[in-house]
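Participant: In order, the protein sequence lines correspond to chains G and L.
Counting with this note's numbering, you get residues 749 to 847 for the letters of the first sequence.
Counting with this note's numbering, you get residues 749 to 847 for the letters of the second sequence.
Protein chains: 2
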Amino acid sequence: MSTVGLQLRELREKAGFSLRKAAVAIDIDVAILSKMERGERKLSKELVLKLAELYKTNSDKLVIDFLSEKVLYELEDEEFGFEALKVAEERMRYNKKSR
Amino acid sequence: MSTVGLQLRELREKAGFSLRKAAVAIDIDVAILSKMERGERKLSKELVLKLAELYKTNSDKLVIDFLSEKVLYELEDEEFGFEALKVAEERMRYNKKSR
DNA sequence: TTATGTGTTGACTAATATTGTCAAAGGTAA
DNA sequence: TTACCTTTGACAATATTAGTCAACACATAA
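Right under this line is the structure:
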């Protein structure tokens, strides 16, 4: 399973950016970007969007993966993680209807 | 939809505890418990478990609801929240198998 | 009235977690 | 060497969360 960080790394390389160039382009420190690509620091949705734009890639899948990673991180080692996801899903469906 | 906080409030009243008594029993400040029951402060899983025990209730559903609330909180207002849940579910399935 | 018990509120501090900054290191290639 | 690249770790700055406390309003019993 490839993390969002690693996906971003691949995209960066394909787009021909060095870490420094990419970091400068989105105005963050190189160290941070390096760590984010390798999963040592948390990504933020904002950075994912900025990088997707920089690399001229559609961001939808990246964002979805980013969010699902966040969710899984919260539920990891939880005995009832799966049930919690199911309940969340039901409630999300319900809320969508009633709005 | 009743939140975990409100569920805990009902359970407390059924069990005959005042806010103060319950708070003392699980060793937190009354103010915090009051706020948690009304959703003004975040609950923690530990407190949910302690309260369930105090009220002599099975905690499984409470924990599941607690986790799903956390997840929904993270995904609220997210365009791709539902898709993210789906992906998280797939991955959780996958990880369970491979461990 | 006074006293006691109920829950709520807001201000404040303390503790913890997250982010940002920076310098230095090691690798590779010209 | 020089000029890039990425990684690492230490540190400071900020933001978020958690805990403490006193006071408030309300109800009811003595």
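C-beta atoms are modelled at their ideal positions from N, C-alpha and C, and glycine is treated no differently.
All of these numbers come straight from a predicted model, not from anything done at the bench.
At 7 Å on the CB atoms, spell out the chain G contacts of Ala836/L, in chain order.
Facilitator: The answer, in chain order, is Ser816, Val819, Leu820 and Leu833.
Participant: Near Lys783/L, which residues of its chain fall below 7 Å by C-beta distance, leaving aside the five closest residues on each side in sequence?
Facilitator: Around Lys783/L: Arg789.
Participant: For Leu799/L, which of Val772/L, Glu817/L and Lys834/L has the nearest alpha-carbon?
Facilitator: The shortest Cα separation from Leu799/L among Val772/L, Glu817/L and Lys834/L belongs to Val772/L.
Participant: Could you tell me whether the Cβ of Asp825/L comes closer than 8 Å to any Cβ of chain G?
Facilitator: It does not: the Cβ of Asp825/L has no partner Cβ on chain G nearer than 8 Å.
Participant: Closest to Gly753/L by C-alpha separation, out of Lys809/L, Ala836/L and Leu833/L, would be which residue?
Facilitator: Selected option, being the one with the closest Cα: Lys809/L.
Participant: For Ser750/G, is the classification buried or exposed, using 16 other Cβ atoms within 10 angstroms of its Cβ as the cut-off for buried?
Facilitator: Counting Cβ neighbours within 10 Å, Ser750/G comes out exposed, since fewer than 16 surround it.
Participant: Give the interface partners of Ile812/G over in chain L, defined as CB-CB distance under 7 Å, in chain order.
Facilitator: Phe828, Glu831, Ala832 and Val835, listed in chain order.
Participant: By the DSSP assignment, the alpha helix (DSSP H) with Ala800/L in it spans what residues?
Facilitator: Where Ala800/L is concerned, the enclosing alpha helix (DSSP H) stretches over Lys793 to Leu802.
Participant: Please list, in chain order, the chain L residues whose beta carbon lies closer than 7 Å to that of Asp775/G.
Facilitator: Those do not exist, as Asp775/G stays about 24 Å from chain L at its closest Cβ, beyond 7 Å.
Participant: From Gly787/G to Glu801/L, what distance separates their C-alpha atoms?
Facilitator: Taking the straight line joining both Cα atoms gives about 38 Å.
Participant: Nearest to Asn843/G by CA position, among Thr805/L, Arg757/L and Tyr821/L, is which residue?
Facilitator: Comparing Cα-Cα distances from Asn843/G to each of Thr805/L, Arg757/L and Tyr821/L, the minimum goes to Tyr821/L.
Participant: In this structure, does DSSP put Asp825/G in helix, strand or coil?
Facilitator: Three-state DSSP puts Asp825/G in coil, outside helix and strand.
Participant: Spatial neighbours of Ser807/L within its chain, please: C-beta separation below 6 Å, excluding the five flanking residues on both sides.
Facilitator: Once the five neighbours on either side are set aside, the close Cβ partners of Ser807/L are Leu797 and Ala800.
Participant: Which residue comes first and which comes last in the alpha helix (DSSP H) that contains Lys783/G?
Facilitator: Residues Val778 to Glu785.
Participant: Less than 8 Å between the beta carbons of Arg841/G and Ser816/L, yes or no?
Facilitator: No, Cβ-Cβ distance for Arg841/G and Ser816/L is not below 8 Å.
Participant: Taking the alpha-carbon of Asp813/G as reference, which of Leu823/L, Lys818/L, Ile812/L and Asp813/L has the nearest alpha-carbon?
Facilitator: The option with the nearest alpha carbon to Asp813/G is Leu823/L.
Participant: Determine the contact status of Leu833/L and Val819/G, defining contact as a CB-CB distance below 8 Å.
Facilitator: Closer than 8 Å, so yes.
Participant: Assign Ala836/L to one of two classes, buried (16 or more other C-beta atoms within 10 Å of its C-beta) or exposed (fewer than that).
Facilitator: The residue is buried, with at least 16 neighbouring Cβ atoms inside 10 Å.
Participant: Buried or exposed, going by whether 16 or more other CB atoms sit within 10 Å of the CB of Arg785/G?
Facilitator: For the record, residue 785/G in the displayed sequence is Glu; it is not Arg. Glu785/G is buried by the Cβ-count criterion.
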